[in-house]
Amino acid sequence: MKKNEHNRTIRRRSMAGEVIDRLVRNKTAMIGLLILLIVVFSCIFANVICPEGYNSNDLPHRYMSPSIKFLFGTDSFGRSMLARVLYGGRNSLLIGFLATCLAAVIGIALGAICGYFGGAADIILMRFLDVLNAIPNLLLAIVISACLGTGKLNTVLAVGISFIPGFAKQVRGPVISLMGSDYIEAARSIDATNTRIIVRHVLPNVLSPLIVQFTLTIALSILCVSSLSFLGLGIQPPEPEWGALLSAGREYLTHYPYLCTFPGLGIALTVFSVNLFGDGLRDAIDPKLKN
Amino acid sequence: MLRYIGKRLALMIPVLIAVTLLLFIIQAVAPGDPAVMALGQDASETEKFDWKEERGLNDPLVVQYFNYMKKLVCGDFGNSYSDGRPITQSIVSRWPTTIVYATVSLLIASVFGIALGVLSAVKRGKFFDSIMRVISIVMFSMPNFWFALLLIIVFALDLKWFPVSGFYGPRYWVLPVVALMITNSAGILRFTRSSMLDNLQADYVRTARAKGQTEFKVIMHHVFNNSLIPIVTYVGSCLASAYGGVIVLEQVFSIPGLGSLLITAINHRDWPLLRGCVILIAVTTAVMNLLIDLIYAFLDPRVKARFKNDAARKGKKALKKASENA
Amino acid sequence: MENNTILSIRDLTVHYITREMGTCRAVNDFSLDIFRGETVGLVGETGAGKTTVALSIMRLLQTPPAKIVSGSIEYNGEDLLRKPVKQMRSIRGQEISMIFQDPMTALNPIDTVGKQIAEVIRLHQSVSDAEAAVKAGDMMELIGIPRDRYNEYPHQFSGGMKQRIVIAMALACSPQLLLADEPTTALDVTIQAQVLDKIDELKKMLNTSVLLITHDLGVVAGMCDRVVVMYAGEIVEYGTTREIFKHALHPYTKGLFNSLPSQDTERLKPIPGLMPDPSNLPERCKFEPRCEHCGEKCSACTPQLTEIRENHWVRCHYAQEG
């Protein structure tokens, strides 16, 4: 008998445990997670890494190229780019995350309610989602942001609303097909209230693709927030934000290109790591799809 | 088939009405007074009132909306708040630039993405595949405006192969198109690879091999043609991303298109101009989506059959009615 | 090799090697001769290795994870396992054909059925497209589908008709051997009969040998000249249909017959236990844990195939005549 045959016993694990196990064994996903954590924690501890803050002018040291003293260089006011990028990261990441949460909560609720109740509510919602879909995502965010104005809350709203249709559609489909299934009938036959059925029976089944959708939407959301700020909406100076920093640095592209390199690298690195992790999550949840 | 197209075009109308309604509502809640933007901070109340009166801005929103829609149906997008000139001319003249830019980028992105995706799937697990997977996920995650800036730094400023901005000839088009297509081609590559790999496991592939078919034809005829169908749908969804990306990239490359006009409109709180740009983009997106759906129906006989059946059924019904009445 | 033998499988051993499961010994020392014009039934439970044998003959196994470890499969004097792939391709569809279990997914959804039948004709016969289309139409008529449905798509046909189309594709070039892997398992009972009749009719017309893989003994009784019973990757019993049905000797075969319900059955009698884990096969009689009649020798070593009665071979230490 071979040695490893001893160890291959049948272990009973919960579904979540199996998913986490597959995820942890996926090296690319773990690398993605690592990079993401490094970025996130650098931004969280920005005040430790750059105690001088993001707005401390240092005019004698304007336009310094990246060096040991100024890791990312300095901008037109002598402010440390490292500080501005790290503090900017706080904004970009937080707003992207909050916007995704907003979109998820509202989108999932809408999708679940419409899928579950059907009828007029469903039809109205689908038409409304069609309208939102006729406008490209970023354009919708731009229009809403233009009307609400700049600022953190407004940006969360603008970007969040533009991602609602994605979640609503994701949830509505599986909910509708679940509605025909037998065990919902069974739940109804024991007189469970509608809310209870939705929350305890329907949602857990649509959860898996939703988790993946949530992760990948965070990536898109951060890109959207940066794009908005780049265009002059979203978050504006003196508040740092990666997209806004890129826009400011653009003026000096010919002479000081480093002003653009690092904020963009922040966006790219974050989105890249989220995508790596999201892919791994998708493979872990449904290994049949694994290619 | 024509019936279907007609039906879809007809369905677009309520959607567009809703879009314009949405825009009107958003305008109503927006902070910032367009009169102040146009006349300056020091304008008196009377001046502002008169300015608004001229443009019907003092009427209730519903009235404003109806007036706008009346003019819109005749193809008149109204006048700009900034300079009072009719908008229709400027947005219609800029429309081809933006649409061609976005659509051509998407087409090139599709060609590259599909070709590389197929190769990647066929050489699964080998070096080429691993490289492609890494590159595609990196490219997919890049903010296109940052990538555009990097392209400018390297190719326009350092190497001086291409101009930095403007849109006057073929040399001006290279960097903007590359910048716009990069995210989409990476996405299409990944999706193509995934779709191909799914279909490589299909039973009919085994049947084809059991017939003695060459591997090349198995992949290019059986697997690829079936994989293409969902890829077309995916390209359709990339459309939204392309038309959104255009807005940002027109800023980076100073391209005189609808996108940059849109940004100008926002900065000046020029609502008619904003509405005009958004409506035009929305209409284009809807028409493009219809086109994609038609291509999809053309490729998939199961969908094509549904159209034919509907038409045939209606034809039979009409025939039956005619014979009953005779 | 006699003139009468189409295919000669000798000591075929196939393993599946994966990281999760280790080495699965799917087929072990499988030997079988198939004669011209006969129908051989290959019977066994799911996982016994039947499909693997068929796929090995066609060299359609996914390698990895599968690996043909040893053995030979002789067709027309040549070992198929050592042939270059290009030559295998000319054999597939033309000399040896295979049909599979699920007709719903066996056809390419975006090609017309006529084209798919014509495809195999154009691959192996140097005829023009038009001639191939005519021949494909002929095959369609032969299986009972009107020729004017040539340009229709698979989704426009029922399951039974799809399977008949698959049969038409398989027999279009008059192969010597047809491998049918549970061709009727996915079909309704009434359609099953139709499809099997069709196979039988065409087989007689073209003098094709058939290796019919099934787990349904009723099908075997109706169609097969000889029966091979497989268990855990090995042949445990084989002989003429009459012999096996009237004088089943191996405990597994006997158990299979006993588990069939009949009019007198009051309680179903399944064979207790499960097939052994193919990644962990013991070096003794593989059926021993589930066998009612086992003795000392059974846990000591693997029994060999011995001819207990005329044209009737059994792999059992304690099988006896009568």
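So the sequence lines, in the order shown, correspond to chains A, B and C.
Residue numbers for the first sequence, in our numbering: 394 to 684.
Residue numbers for the second sequence, in our numbering: 2 to 327.
Residue numbers for the third sequence, in our numbering: 389 to 710.
A virtual CB, placed ideally from N, CA and C, is assigned to each residue, including glycine.
CB contact flag (residue i, residue j, <8 Å)
i: G618/A; j: G636/A; result: Before going on, a small fix: residue 618/A reads as Val here, not Gly. Yes, these two residues count as a Cβ contact at 8 Å.
i: I397/C; j: S597/C; result: no
i: S620/A; j: L531/A; result: yes
i: P453/C; j: T406/C; result: yes
i: S142/B; j: A539/A; result: no
i: E331/C; j: V508/C; result: Residue 331/C lies beyond the stretch modelled for chain C, which goes from 389 to 710, so this question has no answer here.
i: A436/C; j: M618/C; result: yes
i: W183/B; j: L646/A; result: First, the amino acid is wrong: residue 183/B is Ile here, not Trp. For I183/B and L646/A, no; Cβs fall outside 8 Å.
i: G500/A; j: V605/A; result: no
i: I587/C; j: A568/C; result: yes
i: V20/B; j: V524/A; result: yes
i: G657/A; j: L150/B; result: yes
i: C561/C; j: Q482/C; result: yes
Top-ranked residue by Cα proximity to residue i, from the options
i: V175/B; options: R125/B, I132/B, L250/B, S195/B; result: L250/B
i: I623/C; options: D576/C, A609/C, Q692/C, G661/C; result: Q692/C
i: R520/A; options: V16/B, N227/B, A31/B, Y235/B; result: V16/B
i: G481/A; options: T654/A, S640/A, E644/A, P633/A; result: P633/A
i: L291/B; options: Q90/B, V233/B, P32/B; result: V233/B
i: S261/B; options: N268/B, I248/B, W272/B; result: I248/B
i: L522/A; options: F556/A, A492/A, Y509/A; result: F556/A
i: P677/C; options: D576/C, L495/C, Q651/C, P639/C; result: P639/C
i: R9/B; options: V304/B, P302/B, S166/B, V288/B; result: V288/B
i: A187/B; options: A211/B, G126/B, F113/B, G76/B; result: F113/B
i: I282/B; options: L263/B, H269/B, I293/B; result: L263/B
i: P558/A; options: F655/A, G508/A, G504/A; result: G504/A
i: F488/C; options: G610/C, D585/C, Q582/C, M446/C; result: M446/C
i: T690/C; options: C682/C, L511/C, V428/C; result: C682/C
Exposure label - residue i; buried when at least 16 CB within 10 Å
i: F217/B; result: exposed
i: S485/C; result: buried
i: A354/B; result: In the structure as shown, chain B starts at 2 and stops at 327, and residue 354/B therefore has no counterpart that could be examined.
i: I267/B; result: buried
i: M593/C; result: exposed
i: W701/C; result: buried
i: L600/A; result: exposed
i: G258/B; result: buried
i: Y169/B; result: exposed
i: K657/C; result: exposed
i: T440/C; result: buried
i: L475/A; result: buried
i: G237/B; result: buried
i: V74/B; result: exposed
Terminal residues of the alpha helix (DSSP H) in which residue i lies
i: G525/C; result: 517-530
i: F560/A; result: 545-572
i: M423/A; result: 420-437
i: L23/B; result: 3-30
i: T712/C; result: The requested residue 712/C is not part of the displayed model; chain C covers only 389 to 710.
Cβ neighbours of residue i in the same chain (closer than 6 Å, five flanking residues each side left out)
i: K674/C; result: A620, P664
i: A497/A; result: F560, F607
i: A492/A; result: V549, V552, G553, S614
i: L181/B; result: S106, G246, L250
i: D490/C; result: A574
Residues near residue i in its chain [Cβ-Cβ closer than 8 Å; skip 5 each side]
i: M549/C; result: I533
i: M492/C; result: G547, K550, A574
i: V178/B; result: Y102, V105, S106, I109
i: N684/A; result: In this prediction, N684/A scores a pLDDT of 38, lower than 50, which makes its location untrustworthy; the coordinate-derived value is nonetheless stated afterwards. Here the set comprises nothing.
Where the beta strand (DSSP E) through residue i begins and ends
i: L430/C; result: 427-431
i: R678/C; result: From DSSP, R678/C is part of no beta strand (DSSP E); its letter is neither H nor E.
i: G454/C; result: Position check: residue 454/C holds Ala in this sequence, whereas Gly was assumed. Per DSSP, A454/C belongs to the beta strand (DSSP E) from 454-463.
i: L600/C; result: 597-602
Contact set for residue i: own chain, Cβ-Cβ below 7 Å, skip 5 residues either direction
i: W272/B; result: Q28, P35, Y82
i: L229/B; result: L300
i: K685/C; result: H705
Residue i CB to nearest heavy atom of the ligand PLP below 7 Å
i: H700/C; result: By its list of ligands, the structure shown contains no ligand whatsoever, and the ligand PLP lies outside what it can speak to.
_Please identify, using Cβ separations under 9 Å, the residues of the segment 642-662 of chain A that lie next to chain E, in order along the chain._
Within the model displayed, chain E is absent; protein chains A, B and C are what it includes.
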